[in-house]
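Going letter by letter, the sequence shown gives residues 1 to 310 in this note's numbering. I have placed the structure first, in the form of structure tokens, so that the comments after it can refer back to it.
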Amino acid sequence: MEPIQQSLKKWMRNNEQFQKRMNHMKAEVMESSEVKKLMQEHEELTEEAIEKQLIKLYEYRTQSKNCEKCPTREECINILPGYVPRVEMEGSDVKLIYDKCRRQRKHEQQEEQKSLVRSLHMPREILEASLERMDLQDPDRGAAVERTVHYIEGLNDELPSKGLYFHGPFGVGKTYFLGAIANELSSKNIPSMVIYMPEFVREIKASIKDDSMNEKIEAFKEIPVLMLDDIGAESQSAWFRDEVLGSILHYRMMERLPVFFTSNYNLNELEKVLMTSNRGDVEQVKAKRITERIRQLSEGVHVNGRNRRG
Numbered sequence: 001m002e003p004i005q006q007s008l009k010k011w012m013r014n015n016e017q018f019q020k021r022m023n024h025m026k027a028e029v030m031e032s033s034e035v036k037k038l039m040q041e042h043e044e045l046t047e048e049a050i051e052k053q054l055i056k057l058y059e060y061r062t063q064s065k066n067c068e069k070c071p072t073r074e075e076c077i078n079i080l081p082g083y084v085p086r087v088e089m090e091g092s093d094v095k096l097i098y099d100k101c102r103r104q105r106k107h108e109q110q111e112e113q114k115s116l117v118r119s120l121h122m123p124r125e126i127l128e129a130s131l132e133r134m135d136l137q138d139p140d141r142g143a144a145v146e147r148t149v150h151y152i153e154g155l156n157d158e159l160p161s162k163g164l165y166f167h168g169p170f171g172v173g174k175t176y177f178l179g180a181i182a183n184e185l186s187s188k189n190i191p192s193m194v195i196y197m198p199e200f201v202r203e204i205k206a207s208i209k210d211d212s213m214n215e216k217i218e219a220f221k222e223i224p225v226l227m228l229d230d231i232g233a234e235s236q237s238a239w240f241r242d243e244v245l246g247s248i249l250h251y252r253m254m255e256r257l258p259v260f261f262t263s264n265y266n267l268n269e270l271e272k273v274l275m276t277s278n279r280g281d282v283e284q285v286k287a288k289r290i291t292e293r294i295r296q297l298s299e300g301v302h303v304n305g306r307n308r309r310g
């Protein structure tokens with residue numbers, strides 16, 4: 001067992017170090033311009049009251065108040081990352097209240113806007129698309145870029161009356177246009193859904209088994225802005241064309257809800273593709289009905305340029 005005298009010396013040494021730390025902390029707090037201001041505004045905040053709440057006031061003094069000590073939101077130095085302290089006084093009692101900092105508020109706003117863009121099997125790159133990141137160097141895409149920028153600049157906080165139908169060769173960046181528009185809409189708090197058509201067909205077929213098909217179709221009908229990527233690339237049955245796609249487009253046409261499209265085909269070519277089902281049946285009238293609805297819902301934009309997938 002450690003001798004009592006030796007234990008006593010160790011305790012005194014530790015106690016002296018503790019007192020030094022407390023005295024140093026008190027000196028820092030008392031010299032702080034923020035604490036001096038509090039003492040001027042609140043007479044009841046005496047030196048004695050400060051000593052009783054030294055740890056709390058030291059915490060307040062050392063925290064970043066306006067993100068000035070934090071390189072980024074992720075590297076926040078505060079006890080509660082993303083939150084800044086402010087003092088509320090109740091008599092001589094100091095209460096620390098933590099509020100969201102400007103970076104945290106901006107981050108949450110961005111996350112909220114991202115949540116407005118829902119997707120069905122779309123790559124992350126598309127969901128993060130923006131006008132700023134769009135390639136403006138390809139002269140063959142100039143007309144499509146100009147049309148898209150003009151369209152976006154004309155957006156307000158209300159739903160657009162029509163969407164756009166981007167058509168052109170493989171790999172020229174048609175889908176990226178959809179992502180950029182979807183994110184611009186989200187900044188105006190207008191939700192959208194981006195759907196890759198071949199996966200959409202598979203999703204609907206799979207949903208028959210768990211009785212969720214009608215629920216999904218209703219969601220596609222009612223979302224404020226619907227975006228159908230690569231229409232015409234899917235292998236579809238006459239049932240899907242007429243009962244699912246036709247039903248969704250008809251509803252949105254009647255309710256004046258915009259739809260955006262991308263396709264490797266212009267509308268005349270798409271009509272020929274939709275004319276023949278995967279069983280080989282040819283139904284020109286029903287295919288024409290679909291393309292007429294697309295004309296009612298969107299305006300054509302031809303996209304050209306080099307193949308970016310290479």
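Quick reminder that beta carbons are idealized off the backbone N, C-alpha and C, glycines included. Everything numeric in this text was worked out from a predicted model, so none of it was measured.
Which one or two residues does DSSP pair with residue i in a beta bridge?
| i | result |
| --- | --- |
| THR291 | Partner(s): none; THR291 has no beta bridge. |
| GLU234 | DSSP lists no partner for GLU234. |
| GLU315 | Nothing can be reported for residue 315, as the shown portion of the chain is limited to 1 through 310. |
| TYR196 | ASP229 |
| VAL301 | PHE166 |
| ARG118 | MET193 |
| TYR83 | LYS100 |
| PHE220 | PHE220 is not bridged to any residue. |
| THR72 | Paired residue(s): none; THR72 is not in a bridge. |
| THR262 | PHE166 |
| THR276 | VAL282 |
Among the options, which residue has its Cα nearest to the Cα of residue i?
| i | options | result |
| --- | --- | --- |
| ASP135 | LEU127, ARG293, VAL145 | VAL145 |
| MET89 | GLU108, GLN40, ARG306, ARG133 | GLN40 |
| LEU54 | SER212, ALA27, CYS76 | ALA27 |
| LEU164 | ASN156, PHE170, GLU158, HIS150 | HIS150 |
| ARG105 | GLU292, SER64, TYR83, ILE294 | TYR83 |
| HIS107 | ARG118, ARG73, LEU96, TYR98 | ARG73 |
| ILE290 | ASN264, GLY173, LEU131, ALA238 | ALA238 |
| LEU226 | PHE170, ILE195, ILE204, MET30 | ILE195 |
| ASP242 | LYS286, LEU155, GLU218 | LYS286 |
| ALA129 | LEU185, SER33, GLU68, GLU299 | LEU185 |
| LEU228 | GLU132, ILE294, ASP211, SER187 | ILE294 |
| GLU31 | LEU245, LEU57, LYS52 | LEU57 |
| GLU153 | LYS216, ASP210, SER187, GLN137 | SER187 |
| GLU48 | VAL29, GLU125, LEU127 | VAL29 |
| GLU299 | ASN266, ILE50, MET275 | ASN266 |
| LYS36 | ASN23, ILE50, LYS95 | ILE50 |
| SER161 | ARG256, ARG124, GLU111 | ARG256 |
| ASN66 | LYS52, LYS100, VAL94, HIS24 | LYS100 |
Please report the Cβ distance between residue i and residue j, rounded to the nearest whole angstrom; I am assuming they are in contact, meaning their Cβ atoms lie under 8 Å.
| i | j | result |
| --- | --- | --- |
| LEU297 | MET253 | 6 Å |
| THR175 | THR262 | 6 Å |
| LEU38 | SER92 | Rounded, the Cβ-Cβ distance is 11 Å, inconsistent with contact. |
| GLU190 | PRO224 | Just to set this straight, residue 190 is Ile in the shown sequence, not Glu. Contact holds; Cβ gap of about 6 Å. |
Could you tell me if residue i is buried or exposed, where buried requires 16 or more neighbouring beta carbons within 10 angstroms of its beta carbon?
| i | result |
| --- | --- |
| MET1 | Legend: pLDDT at MET1 = 43, less than 50; position of this residue unreliable, no value from coordinates given. |
| GLN236 | buried |
| GLN19 | exposed |
| GLY173 | buried |
| ALA143 | exposed |
| ALA206 | exposed |
| GLY305 | buried |
| ASN183 | buried |
| VAL301 | buried |
| PRO85 | buried |
| VAL282 | exposed |
| ARG102 | exposed |
| SER119 | buried |
| ASP230 | buried |
| ARG141 | buried |
| GLN63 | buried |
| GLU234 | buried |
| GLU16 | exposed |
| ILE97 | exposed |
| ASN214 | exposed |
Answer yes or no: do residue i and residue j have a C-beta to C-beta separation smaller than 8 Å?
| i | j | result |
| --- | --- | --- |
| GLY168 | VAL273 | no |
| GLU59 | ILE77 | no |
| ILE208 | PHE260 | no |
| MET197 | PHE220 | no |
| LEU178 | GLY232 | no |
| PRO258 | LEU155 | no |
| ARG61 | GLU34 | yes |
| ASN264 | PHE200 | no |
| PHE166 | ILE204 | no |
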